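Protein chains in written order, with my numbering: chain A, 4 to 331; chain B, 4 to 331. Backbone N, C-alpha and C fix where the C-beta goes; we use that ideal spot for every residue, glycine too. Note that the structure is a prediction, hence the values are computed from the model and not measured. This report refers to the structure that appears directly beneath it.
There are 2 protein chains.
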Amino acid sequence: MAKTRSEVLSALLSADSVLVITHGKPDGDALGSAFGTRQFLRDNGKKADVLLTEPPPSRYTKLCTEYVGDDVDIDDYSMVLLLDCAVRDRLGTQKPIEKLLEHRCFWNIDHHYLNTDINAANSHVVESSSTCEIMTDILLDKPGNAITPDTAGFLLLGMMTDTGGFRFSNTKGKTLRTAAMLLDAGADMEKIANAIYFSKPLGQLELESDIVASRMKLEFDGRFAYACLDNELLAKHDFSMKEDEGLIDLLRSVDGVIIAMLVYERGGGYRVSLRSKDSKFPVFPIARHFGGGGHAQAAGAIIKSDIKDIIPQVLTLVEKTLNGEKVP
Amino acid sequence: MAKTRSEVLSALLSADSVLVITHGKPDGDALGSAFGTRQFLRDNGKKADVLLTEPPPSRYTKLCTEYVGDDVDIDDYSMVLLLDCAVRDRLGTQKPIEKLLEHRCFWNIDHHYLNTDINAANSHVVESSSTCEIMTDILLDKPGNAITPDTAGFLLLGMMTDTGGFRFSNTKGKTLRTAAMLLDAGADMEKIANAIYFSKPLGQLELESDIVASRMKLEFDGRFAYACLDNELLAKHDFSMKEDEGLIDLLRSVDGVIIAMLVYERGGGYRVSLRSKDSKFPVFPIARHFGGGGHAQAAGAIIKSDIKDIIPQVLTLVEKTLNGEKVP
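What follows is the structure in structure tokens.
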């Protein structure tokens with residue numbers, strides 16, 4: 004069932020037309036892998052499109068242009084390629100989900116090692132920093148394989164966002180060597196880095212300033228930093244959490260902080276995002292306690308309860324974690 | 004006069020005792036290359052010390068411990084190694100400068116291509132992302148060469164700070180492959196990244212919040228962002244500009260901004276720091292106009308004049324630059 008790199012590459016190169024799909028609320032890795040693969044296919048003379056049911060976050064709108072919506076006719080494509088999506092729920096906003104997943108030539112490529120929910124006959128799921136790293140491995144598997152600077156730029160985008168700009172512990176020697184191949188292929192580092200890191204909407208900068216001045220709280224001798232954002236605060240700075248990719252790093256950046264948490268309204272409840280700077284103090288068990296998930300050091304949950312009840316409950320679990328106790 | 008990598012390595016390995024020196028107000032590359040080289044020498048059974056005339060910025064104090072001051076007896080060392088310092092002026096705080104530079108076995112290693120001020124017989128100056136990249140090239144020049152995880156960690160530190168965490172345009176494929184060798188050698192990415200990026204003093208975070216709320220100004224349709232910091236503001240947040248390594252990135256991060264400037268008191272005048280996000284709009288000519296220097300996209304000057312006079316003068320030159328005109 005699991006396919007090798009060269010089997011994936013053969014499938015891509017023998018397809019006539021490919022529809023590339025990814026998870027909802029797409030981040031840099033989802034967009035980079037989707038648009039990079041589309042570029043590669045087009046450069047090889049294929050018809051290829053990316054399906055998005057919502058616009059990309061504003062920082063990516065200049066890079067990720069021209070996509071189709073879910074009114075597209077799936078039968079027009081000889082292959083459907085799902086990238087960077089571990090669970091069906093994250094495809095939720097795309098209307099003809101079953102039709103997409105049951106396409107006669109459906110492929111699934113992902114780096115989430117818990118990708119067990121997408122039961123595809125054609126599957127390439129390996130542990131990696133990012134789906135963009137996997138796609139680079141596939142496209143540049145053999146010496147002599149080539150990609151254009153545009154494709155390389157898209158793949159670099161996702162490698163950078165999913166590794167926190169090569170800062171998180173998922174950055175290995177192999178990760179950097181793969182990114183080096185993308186730079187050698189002509190990826191424009193300045194353009195990509197400016198888009199990701201130096202294109203912050205002014206409203207976000209002002210929101211961050213406001214969070215520090217009025218919302219950030221430190222607990223447990225400064226080892227835990229958190230902030231609760233209500234919709235009123237977000238509206239004041241004209242900021243949507245759809246634009247968020249790293250707001251929590253503001254709290255994580257403080258000296259001495261080990262665990263950081265951001266809480267904001269979502270649906271009728273609250274979305275709780277957790278990060279740990281130290282693998283000895285994982286936040287995954289806290290998220291799981293509330294029915295959520297994620298990775299050891301980056302996890303989250305949606306809690307349908309009053310904010311006044313949520314905070315003390317989370318504080319108790321964070322304290323247990325920081326004391327080295329087990330979270331129930 | 005210029006020495007090869009293997010000549011440098013031979014010299015290091017044949018020295019009995021080495022005093023490593025670097026520039027004043029040491030940054031990540033100065034500290035990483037100095038302490039990394041010291042570690043390598045000690046691992047090879049040498050006596051080796053780093054001379055610092057001021058403590059490192061607080062984020063590095065846990066990593067860069069135990070150094071000697073300028074009361075050290077230089078004659079106790081068989082070699083003096085200067086790292087990451089292009090001009091004599093930057094060594095200014097080290098009292099016995101002439102004695103250091105005239106040591107019978109003085110070596111100079113640097114990545115500043117304008118390093119012409121240090122006239123050493125034993126010199127290895129090559130263009131590179133960082134002095135740490137050069138030291139890695141030297142120490143791992145041949146297959147079979149080895150360095151310990153601690154040495155690799157120090158060298159990774161400087162490679163990361165001088166490339167803006169592999170984000171600036173000086174990050175090439177070769178840069179990432181060199182950093183990959185350091186990860187392969189056991190450099191602790193989590194520890195290093197936490198020290199550089201996630202150990203911000205709380206006072207700095209509050210200062211940044213205050214700058215956005217009360218000091219940041221945008222001009223020329225949002226293409227220029229700047230802020231003037233007086234000593235009173237810095238004192239309010241218990242922040243010293245000695246701790247600064249990236250405060251200007253706050254202004255650079257805003258969408259649409261091409262040139263960013265930070266101005267703060269220094270001596271009897273003002274230090275003006277300039278950054279450009281686009282190589283088409285270099286800031287070096289502006290800094291040079293005021294008698295300063297630096298690189299095309301990162302430059303600065305010290306201006307002995309009233310702040311009320313400085314700002315309009317700089318604004319005129321920034322506008323010229325953004326209009327594609329030549330700065331006189």
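Whose Cβ in chain B lies nearer than 7 angstroms to the Cβ of residue i?
{"i": "V257 (chain A)", "result": "K203, L205 and L208"}
{"i": "Y63 (chain A)", "result": "Within 7 angstroms Cβ-Cβ: nothing; Y63 (chain A) doesn't reach chain B, min ~12 angstroms."}
{"i": "N197 (chain A)", "result": "K280"}
Name the chain A residues whose beta carbon is nearer than 9 angstroms to that of residue i?
{"i": "E130 (chain B)", "result": "None at all; the shortest Cβ gap to chain A is about 17 angstroms."}
Closest by CA to residue i, which one among the options?
{"i": "E328 (chain A)", "options": "A:I306, A:I289, A:I305 and A:D309", "result": "A:I289"}
{"i": "I100 (chain A)", "options": "A:S308, A:M162 and A:G72", "result": "A:G72"}
{"i": "L142 (chain A)", "options": "A:I195, A:T25, A:L44 and A:I121", "result": "A:L44"}
{"i": "L253 (chain B)", "options": "A:K283, A:S131 and A:F201", "result": "A:F201"}
{"i": "D281 (chain A)", "options": "A:C231, A:A299, A:Q316 and A:V275", "result": "A:A299"}
{"i": "L104 (chain B)", "options": "B:D92, B:D140 and B:A123", "result": "B:A123"}
{"i": "M138 (chain B)", "options": "B:K203, B:K49, B:G48 and B:A33", "result": "B:A33"}
{"i": "R170 (chain A)", "options": "B:S132, B:A196, B:G176 and B:L179", "result": "B:A196"}
{"i": "A238 (chain A)", "options": "A:L265, A:Y229 and A:D213", "result": "A:D213"}
{"i": "C135 (chain A)", "options": "A:L320, A:G147, A:V75 and A:D30", "result": "A:D30"}
{"i": "T40 (chain A)", "options": "A:L320, A:L22 and A:P331", "result": "A:L22"}
{"i": "Y229 (chain B)", "options": "B:M264, B:H240, B:K203 and B:L250", "result": "B:M264"}
{"i": "V286 (chain B)", "options": "B:I305, B:Y80 and B:A301", "result": "B:A301"}
{"i": "L232 (chain B)", "options": "B:V257, B:V275 and B:S256", "result": "B:V275"}
{"i": "H26 (chain A)", "options": "A:R93, A:I121 and A:Q316", "result": "A:R93"}
{"i": "K177 (chain B)", "options": "B:S132, B:I121, B:G295 and B:E193", "result": "B:S132"}
{"i": "T64 (chain B)", "options": "B:G35, B:D74, B:D79 and B:A51", "result": "B:G35"}
{"i": "N148 (chain B)", "options": "B:S256, B:D241, B:M162 and B:L185", "result": "B:L185"}
{"i": "D46 (chain A)", "options": "A:L320, A:P315 and A:I150", "result": "A:I150"}
{"i": "S279 (chain A)", "options": "A:I251, A:L55 and A:V266", "result": "A:I251"}
{"i": "V257 (chain B)", "options": "A:S243, A:P204 and A:G270", "result": "A:P204"}
Whose C-beta lies closer than 7 angstroms to the C-beta of residue i among residues of the same chain, with five residues either side of it excluded?
{"i": "A190 (chain A)", "result": "P152, A155, G156 and L159"}
{"i": "F38 (chain B)", "result": "V53, C67 and F157"}
{"i": "T106 (chain B)", "result": "Correcting the residue type first, residue 106 (chain B) is His in the shown sequence and not Thr. Around H106 (chain B): I77 and V83."}
{"i": "E322 (chain A)", "result": "F223"}
{"i": "S9 (chain A)", "result": "D144"}
{"i": "D140 (chain B)", "result": "R8 and T181"}
{"i": "E248 (chain B)", "result": "D30, G31, P60 and T164"}
{"i": "G272 (chain B)", "result": "I305, I306, K307 and S308"}
{"i": "G303 (chain A)", "result": "R274, V275, S276, L277, A290, G295 and G297"}
Using the beta-carbon of each residue, which ones in chain A are nearer than 7 angstroms to residue i?
{"i": "G35 (chain B)", "result": "Residues of chain A passing the Cβ test: none, with the nearest at roughly 15 angstroms."}
{"i": "F169 (chain B)", "result": "G168 and F169"}
{"i": "M192 (chain B)", "result": "S172 and T174"}
{"i": "S212 (chain B)", "result": "S212, V215 and A216"}
Tell me which residues share the same chain as residue i and place their Cβ nearer than 6 angstroms to its Cβ, disregarding the 5 neighbours each side in the sequence.
{"i": "R226 (chain B)", "result": "I261 and L325"}
{"i": "H127 (chain B)", "result": "K6, V11 and I112"}
{"i": "H115 (chain A)", "result": "A89"}
{"i": "N234 (chain A)", "result": "E268"}
{"i": "T174 (chain B)", "result": "T166"}
{"i": "R62 (chain B)", "result": "A198 and S202"}
{"i": "G259 (chain B)", "result": "G225"}
{"i": "I121 (chain B)", "result": "N111"}
Applying a beta-carbon distance threshold of less than 8 angstroms, which residues of chain A neighbour residue i?
{"i": "T56 (chain B)", "result": "Going along chain A, no residue has its Cβ under 8 angstroms from T56 (chain B), so there is no contact; the nearest lies around 24 angstroms."}
{"i": "R180 (chain B)", "result": "L179, R180 and A183"}
{"i": "Y200 (chain B)", "result": "R170 and S256"}
Cutting at 8 angstroms between CB atoms, please list the residues of its own chain near residue i, excluding the five before and the five after it.
{"i": "K245 (chain B)", "result": "K28, E57 and P60"}
{"i": "S215 (chain B)", "result": "It is Val, not Ser, that sits at residue 215 (chain B) in the sequence shown. Within the same chain, V215 (chain B) has close Cβ partners L253."}
{"i": "P331 (chain A)", "result": "H292"}
{"i": "H240 (chain A)", "result": "G206, Q207, E209, L210 and D213"}
Report the neighbours of residue i on chain B: residues whose CB is nearer than 9 angstroms to its CB, in chain order.
{"i": "L186 (chain A)", "result": "T174, K175, G176, K177, T178 and L179"}
Three-pair Cβ contact test at 8 angstroms for the stretch 197-214 of chain B versus the stretch 209-228 of chain A: yes
Contact between the stretch 71-91 of chain A and the stretch 108-117 of chain A is defined here as three or more beta-carbon pairs at a separation below 8 angstroms; is this criterion met? yes
Meets three-Cβ-pair contact criterion under 8 angstroms: the stretch 279-296 of chain B and the stretch 183-202 of chain B: no
Can at least three beta-carbon pairs, one atom from the stretch 17-34 of chain B and one from the stretch 302-315 of chain A, be found at a separation below 8 angstroms? no
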